[in-house]
Structures are given as structure tokens and as C-alpha cells.
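In the working numbering, the protein residues as written are 1 to 448. Just so it is clear, CB atoms sit at the ideal spot from N, CA and C, and this is done for glycine as well. To start, the structure itself, in C-alpha cells.
Set out below in C-alpha cells:
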């Protein structure tokens, strides 16, 4: 077929699926923790506002979980349909974490169902809160196991290769590969951070519109404090990730930083553009920062891209993904810190409309940053699908119907996104906070 490239189409479809799935999966991992915190504060302070926060967040969480199941199933399906050679080679090695991810999801789903069914059925609400703990553990464990699979693709181990096949497989060694600690920690920390910013942006939206109900102020205060904590955690884990890349994937770090010549005192390059001669122009260069990031010493030697074989170099465009991720991450951490300090010292500008506007933007920006981080991780591994063993082109299907699959999945994702957004908006618009608080006040639960 003239111009038909199944490898490119497979990559596009996989990237599209991951893009959609990451939105719902991130919320699915982070929101249970936020629900647990809100309910715990509500019980401890006997404050129905926080209890209602937990209730309303849970309703929205159920919708995102439902869509996440569909997109997650699509990923599993596409691994077999689009990347059959990869699954034939590595499937038996990664089958354990894939199974454990499924088990963790069912563990989460079972307790989520019980948690939803038993609202108001316990006289002691602490017992009801205990049901949420397995939900939070299950969602985070699910993310951990699927991230272990991705980590294995970056630093594969736990097997030997004989005659083009993997033998002497040790699935435990494969799971606990060098990329696993930093990758899992980064995924979880950024999921918690992003979920907190998304929920904060919803509260800030009501305050920005002029609704200064104490419910929204409490929601914003809780979520912004949590967002700050996990934004700091994400930055610390990001520093460890840089050191991991310097040791195990120097080509990814060099491409992300446009670091071409191996040498010491390497600067960290942000923004800029590459000239036709390969010269970096208009960039912000932070002296010695790349050497410090890679090896904790300003005089440390950092491997340059010119020492990497040309056919094993990632695309230089990942530099912009790194810029987006880092810039947004730092910006959000500063905004969260400003809110926290402003709340402590009662600075008046923290209740101004323009500041609420910044907080509204925080949720979408956090999601953009997490998407950019995943693009950086996946595109930065190229040309490998299993680093050092199988290139992406070798792992892909040769089917003549990938273009049809791409169109069908585009339609599916469009329907899912529109439907889930419509349901969420209508659910909360038809049942505003004020009405629900008034109903509970009539039942003697809380004053409106």
C-alpha cells in the first residue's frame, strides 16, 4: 500500500490511547487519597463540609474509573494487536506485573463498591473510612504494577537471550529493575499532585465566579496544601530520575538537554532553539546544573549525545517536552507555596480574582505537565521498544488495517471524553453544593 506505514500508525494509535488513558488514570490514582484525607478531616473535626467533599469527589471518581477501565483495556488490547513481536519476545517476562495490575484493580473495585453502598450505614464513620483504604491502596498498586512494566522496557533484566528467545526468566528480578524505584515514585507523586491541582481548580472556579461559600474555601485550602506537598515530592523524585538517566539512559538525558559533547561542568539548558549547524540559540543556560543534576557535583562528567551511536539517539524534540514539564512543575509549586504562605499570613492578594484565575489554570496545566512527562519518557526511549534488545520497528505489527483501527479508536475516545464530561457537568450542576448542604441541614447534619 503506497505511503502506508504500520509502524508509524501503530505509534500514533498507542500515543493517542496513552494520552487519553493518562488523564483518567491519573485522576483514578490520586483522587482516592484526596477523598480519604477529606473524610478523615471531616470525621476528626465533625465537619460535614469535608464529609460532603468526600461524597462529591467520590461520585466524580466513579465516572473516571469507568472510563479508565475502557481505555486501560484498550491499551492491553493494543499491546497484542499493534506490538505482537514485542509481546512474543517479552510477554512472558512482564506477565506477572500485568496480572498483578489486574488483581489490584479488582481489589480496588470491590472495596469501592462496598464503600459506595455503605454511605450512612455505619454509626461510627471511622469504620466507613476504613473501607476507603483498600481503594486508595488498590489504585496506587495498580499504577505501580503497570509502571513496572514500563520501567522494564527502559532497563530490561531478569532473563537471558539464546537464539533470539528469552530464557532463564526471573520475573521478580525483571520487576525490580533499575528504573522501577524512581519511575514508580515519580508516577505516584505526580498523580497525587495533579489530582490535587485538578480538584483545587474546581474549587477556585467557583470562587473566581464570586461564590465564596465556605465549602469551596475549605476545598481549596485542603487541595492546595496537598498539591504543594506533592509538588515538592515530585521535584525531589525528579532529581533522582535525572541521576538514574545519567547512569542508565545517558542518551535520553543528553537529548533532553541538548548536551552533545561529553564533558564536565555541564550547564542545564532550558528553552532555546537549534540552528542548522547544531548550535543552541536563545537558550537559558544554568551553569554546572546538569552536572549537579546527573552526579551531584558541578565538575562531574556528563555523557554527550555525540558519544551515542547515531541510530540509537532519541529525537532532539524531547528537549521541548522536558521544558514544558519542568516549567509547569516549578510554576505550580511556586503558586501552591504562595497560596500556603498567603493563607498563613492572610495576604489579601490570595483572595483576589486574578489569583483564583491562576489556581483555576493549575489543574489543566498539571495535566499538560504529566502528559509531557509521559511523552518524554516514551519518545525519549526511541528507537527502542525494549531498550538494547528490540527496536520499535521490529516490535510492531505489519497488519494492513492499523489505519482502520486508528479511526475506530479515535471515534471511541471522542465518545468517551464527551460522554464523561457531559455526565460530570450535569451531575454536579443539577445537584449544587448549596442544595445538598441545605438538605443535610434539614436532616440535622450540618448548618448550611
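Give me the Cα-Cα distance between residue 246 and residue 70, rounded to the nearest whole angstrom. 36 Å
How about residue 392 and residue 7: are their beta carbons less than 8 Å apart? Going by C-beta atoms, residue 392 is nearer than 8 Å to residue 7.
Counting only the same chain and skipping the five closest in sequence on each side, list residues whose C-beta sits under 6 Å from that of residue 257. 269 and 290
Taking the Cβ atom as the reference point for each residue, do residue 366 and residue 197 lie within a distance shorter than 8 Å? For residue 366 and residue 197, yes; Cβs fall inside 8 Å.
4-residue-minimum alpha helix (DSSP H) runs that sit fully inside the segment 361–427, ordered along the chain: Taken in chain order, the whole alpha helix (DSSP H) runs of length 4 or more contained in the segment 361–427 are 392–395.
Sort 288, 48, 398 and 60 by Cα distance to residue 425 and report the nearest one. The residue with the shortest Cα to Cα distance from residue 425 is 60.
Which term fits residue 362, buried or exposed, when burial requires 16 or more other beta carbons within 10 angstroms of its beta carbon? buried
Give me, in chain order, the residues of the same chain whose beta-carbon lies closer than 6 Å to that of residue 283; leave out the 5 immediate sequence neighbours on both sides. The residues are 269, 271 and 272.
Any 3 or more C-beta pairs closer than 8 Å across the segment 223–232 and the segment 194–208: yes
Just to confirm my understanding: we take residue 327, look at its own chain, exclude 5 residues before and 5 after, and list those with CB closer than 8 Å. What are they? Same-chain partners within the cutoff: 270.
Alpha carbon of residue 281 to alpha carbon of residue 180, nearest angstrom: 35 Å
Below 8 Å on the Cβ atoms is my contact criterion, and I expect residue 313 with residue 255 to pass it. Report the Cβ-Cβ distance as a whole number of Å. Rounded, the Cβ-Cβ distance is 6 Å, consistent with contact.
Which same chain residues end up closer than 6 Å to residue 493 when comparing Cβ atoms and leaving out the 5 residues on each side of it in sequence? Any question about residue 493 goes unanswered here, given that the chain covers just 1 to 448.
So, do the segment 131–146 and the segment 101–108 have three or more beta carbon pairs nearer to each other than 8 Å? yes
Do the CB positions of residue 316 and residue 274 come within less than 8 Å of each other? yes
Boundaries (first-last residue) of the beta strand (DSSP E) holding residue 165: 165–167
Span of the alpha helix (DSSP H) holding residue 81? 48–82
Pick helix, strand or coil for residue 308, following the three-state DSSP scheme. coil
Apart from the five residues just before and just after residue 149, which ones in its own chain have a Cβ nearer than 7 Å to its Cβ? The beta carbon of residue 149 sits closer than 7 Å to those of 94, 97 and 98, all from its chain and outside the five residues before and after it, given in chain order.
Does residue 420 pass the burial test, meaning 16 or more other C-beta atoms within 10 Å, or should it be called exposed? buried
Does residue 241 pass the burial test, meaning 16 or more other C-beta atoms within 10 Å, or should it be called exposed? buried
Do the CB positions of residue 116 and residue 436 come within less than 8 Å of each other? Going by C-beta atoms, residue 116 is not nearer than 8 Å to residue 436.
Spatially closest choice to residue 20 from 278, 413, 336 and 80, by CA coordinates: Measuring from the Cα of residue 20, the nearest candidate turns out to be 413.
From residue 416 to residue 128, what does the alpha carbon distance come to, in whole angstroms? 31 Å
Pull the bridge partners of residue 286 from the DSSP assignment, please. 268
By Cβ distance below 8 Å, which residues in the same chain neighbour residue 195 in space, the five residues on each side in sequence not counted? 26, 27, 29, 30, 31, 33 and 34
Under a three-way DSSP split, which group does residue 16 fall into? Note: residue 16 maps to helix in three-state DSSP.
Give the range of the alpha helix (DSSP H) segment to which residue 149 is assigned. That run of the alpha helix (DSSP H) goes 125–154.
What is the DSSP secondary structure of residue 160, reduced to helix, strand or coil? strand
Touch test, the segment 39–49 against the segment 373–390, Cβ-Cβ under 8 Å, three pairs minimum: Judged by Cβ distances under 8 Å, the segment 39–49 makes no contact with the segment 373–390, as fewer than three pairs qualify.
So, with DSSP's three-state summary, where would you put residue 238? helix
Inspect the beta-carbon positions of residue 153 and residue 381 and report whether they are closer than 8 Å. yes
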